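Chemist:
Numbering (the numbering used here), first residue to last: 279 to 756.
1. Suppose the cutoff is 7 Å on Cβ atoms and the five residues either side in sequence are ignored; what does the same chain contact list for residue 557 look like?
2. Locate the beta strand (DSSP E) running through residue 605, then write down its first and last residues.
3. Does the Cβ of residue 428 have 16 or more other Cβ atoms within 10 Å, making it buried, or fewer, making it exposed?
4. Out of curiosity, what's the CA-to-CA distance linking residue 526 and residue 512?
5. Runs of 3 residues minimum, wholly inside the region 506–550: which ones carry the beta strand (DSSP E) assignment?
6. With DSSP collapsed to three states, give me the class of residue 598.
7. Under the criterion of a Cβ to heavy atom distance below 7 Å, does residue 435 qualify as lining the ligand COA?
8. How many angstroms separate the CA atom of residue 481 from the CA atom of residue 698?
9. Quick check: the Cα distance between residue 439 and residue 461, rounded to an integer number of angstroms?
10. Exposed or buried, residue 395, counting other C-beta atoms within 10 Å across all chains shown (16 or more means buried)?
11. Quick one: is residue 336 buried, meaning 16 or more other Cβ sit within 10 Å of its Cβ, or exposed?
12. Taking 7 Å as the limit between beta carbons, can you name the residues of its chain near residue 711, skipping five residues before and five after?
13. If you follow the alpha helix (DSSP H) that residue 686 is in, where does it begin and where does it stop?
14. Nearest to residue 476 by CA position, among 594, 303, 430, 738, is which residue?
15. Could you check which residue in 451, 630, 407, 624 has the C-alpha nearest to that of residue 546?
16. Since residue 727 contacts residue 470 with CB under 8 Å, what's their CB separation in whole angstroms?
17. Return the Cβ separation of residue 455 and residue 605 in integer angstroms, given the expectation that the two are a contact with Cβ distance under 8 Å.
18. With DSSP as the reference, please indicate the residues paired to residue 500 in a beta bridge.
19. Hey, out of 686, 695, 406, whose CA is closest to residue 567's CA?
20. Would a C-beta distance cut-off of 8 Å place residue 391 and residue 700 closer than the cut-off?
21. Would DSSP call residue 304 helix, strand or coil?
So this is what it looks like as structure tokens:
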């Protein structure tokens with residue numbers, strides 16, 4: 279058994295040593311860039327705490343013996359058919375929750391991806407019965423800053439470089455990127471279904487950055503709350519004397535966690551959509567005849583923001599541009615070639631090969647000026663197949679159809695054009711509780727943050743208004 283919660287409750291979630299400068303919060307208080315005071319907080323250079331296990335007394339064990347025997351018989355029966363039981367208290371190799379994983383992505387019932395407070399994408403739960411806990415470290419946001427004066431340039435992955443998931447494999451892989459962020463002056467803020475990461479002068483001392491993560495978890499909205507999509511809105515404030523060119527980069531691996539990216543048969547495809555939404559589709563061929571998954575990473579091009587893509591890069595540099603070459607291009611130019619949008623579908627990957635993609639959004643920020651840049655992520659696997667062979671259409675297919683490609687494009691488009699409406703509805707729902715002075719602080723953020731399990735707990739929401747019971751044999755969770 280595991281005790282505790284994903285967001286560990288404590289009386290005061292913001293002790294003095296974890297304060298973000300009030301000046302930075304005031305500067306970022308534009309378009310929702312500043313987090314609410316009631317959010318759960320952690321500094322990026324802190325470490326996650328694995329929740330402690332608790333034991334039961336002899337008398338409690340005796341009372342649960344009948345239930346234990348039934349569960350043991352059920353687990354053995356499922357194993358004899360080559361299946362994993364959805365509830366298996368006897369096996370420790372499962373997705374272990376911690377007290378600081380962060381707000382998961384997306385709505386309900388369409389597969390989930392968690393995002394840790396330090397920015398890592400992990401706990402991949404897109405295929406029922408399969409939960410890959412380890413982060414995919416190629417999935418990152420990064421920043422490149424240059425000034426008109428030309429004296430200073432900054433480049434860094436927007437995640438601490440001391441992450442235990444980062445391993446030096448070869449000189450052309452992601453270890454060649456600039457992992458310069460210490461995290462000492464950066465803070466994560468969680469109030470489900472939103473989260474904020476504030477970079478208070480990291481990596482550029484004259485740049486304040488807020489990354490706001492928004493998912494469509496909205497009361498009484500049974501359409502958008504089923505969507506597998508999230509938006510990442512960057513608010514940039516230049517406190518320096520020189521104009522700054524800022525290029526934000528989103529990189530993504532064609533993977534559903536674990537070693538799935540090595541199975542082969544995956545391919546990427548650039549796209550230009552409506553309303554300035556452009557990006558890359560990553561078509562993933564799953565193992566064991568599971569339904570395929572298509573990821574879409576995109577950014578919104580505006581009058582002030584230019585979007586370019588690199589449809590494919592690899593880790594070795596043998597068949598494609600290497601991760602190091604991709605990074606060097608961004609460090610030098612701050613963007614990719616616009617000709618990349620005409621590249622078409624890549625060749626399917628070979629076994630053992632990792633395909634990645636990148637989307638860049640570049641803008642100029644005037645001295646003491648502000649700018650907003652928005653990215654989106656969507657993952658579309660319209661059919662859900664359970665271990666006993668039953669197949670259903672997910673809820674969102676009633677609105678977006680069953681094509682992985684078209685639904686993925688439409689999902690990121692709607693996410694980038696509707697996220698402000700989502701936030702308005704979320705604030706209408708949360709504000710009466712957050713502003714209630716009779717309620718203690720810890721209760722407010724705990725009340726909302728504990729709802730994470732409706733997204734990350736293995737829920738499957740099918741079409742025809744049917745939600746499968748997590749405890750039934752037909753439904754599975756980690």
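The beta carbon of each residue, even a glycine, is placed where N, CA and C say it ideally should be. Only a predicted model underlies this, so the values are computations on that prediction, with no experimental measurement involved.
Modeler: According to the structure data:
1. Looking up residue 557 in the chain shown gives position 279. Within the same chain, Cβ atoms closer than 7 Å to the Cβ of residue 557 are found at 549, 574, 575, 576, 577, 587, 637, 690, the five residues on either side in sequence being excluded.
2. Locating residue 605 in the chain shown gives position 327, counting from the first residue. Looking at the DSSP string, residue 605 is not in any beta strand (DSSP E); the run it does join, the alpha helix (DSSP H), is 601–611.
3. The sequence position of residue 428 within the chain shown is 150, counting from 1. Burial call: exposed.
4. For the purposes of this step, residue 526 is taken as the residue at position 248 of the chain shown. For the purposes of this step, residue 512 is taken as the residue at position 234 of the chain shown. Residue 526 and residue 512 have their alpha carbons spaced roughly 9 Å apart.
5. Listed in chain order, they are 507–516, 522–531, 545–550.
6. Counting from 1 along the chain shown, the entry for residue 598 is found at position 320. It is coil, neither helix nor strand.
7. The ligand content of the structure shown is nil, which means the ligand COA is not present either.
8. Stepping through the chain shown from its first residue, residue 481 is reached at position 203. Stepping through the chain shown from its first residue, residue 698 is reached at position 420. C-alpha separation (whole angstroms): 28 Å.
9. Locating residue 439 in the chain shown gives position 161, counting from the first residue. Locating residue 461 in the chain shown gives position 183, counting from the first residue. Straight across, the Cα-Cα distance linking residue 439 with residue 461 is about 9 Å.
10. On the chain shown, position 117 is the one that residue 395 refers to. Burial call: buried.
11. Translated into the one-based positions of the chain shown, residue 336 becomes position 58. Residue 336 comes out exposed.
12. In the chain shown, residue 711 corresponds to position 433, counting from 1. Taking residue 711 as the centre and dropping the five residues before and after it, the same chain places the C-beta of 717, 722, 725 closer than 7 Å to its C-beta, in chain order.
13. The residue labelled residue 686 in the question sits at position 408 within the chain shown. In the DSSP assignment, residue 686 falls within the unbroken alpha helix (DSSP H) covering 682–712.
14. Taking the chain shown and counting its residues from 1, the one referred to as residue 476 is at position 198. Selected option, being the one with the closest Cα: 303.
15. Walking along the chain shown from the start, residue 546 turns up at place 268. Comparing alpha-carbon positions, the option among 451, 630, 407, 624 lying closest to residue 546 turns out to be 624.
16. As a first step, residue 727 must be located in the chain shown, where it is residue number 449. As a first step, residue 470 must be located in the chain shown, where it is residue number 192. Yes, they are in contact, since the Cβ atoms of residue 727 and residue 470 sit about 5 Å apart, within 8 Å.
17. As a position in the chain shown, residue 455 is number 177, starting the count at 1. As a position in the chain shown, residue 605 is number 327, starting the count at 1. Yes, residue 455 and residue 605 are in contact; Cβ-Cβ is about 5 Å, under 8 Å.
18. As a working mapping, residue 500 is identified with position 222 in the chain shown. Residue pairing from DSSP leaves residue 500 without any beta-bridge partner.
19. Within the chain shown, the letter at position 289 stands for residue 567. Nearest neighbour of residue 567 by Cα position, chosen from 686, 695, 406, turns out to be 406.
20. As a position in the chain shown, residue 391 is number 113, starting the count at 1. As a position in the chain shown, residue 700 is number 422, starting the count at 1. No.
21. For the purposes of this step, residue 304 is taken as the residue at position 26 of the chain shown. Under the three-state reduction of DSSP, residue 304 is assigned to helix.
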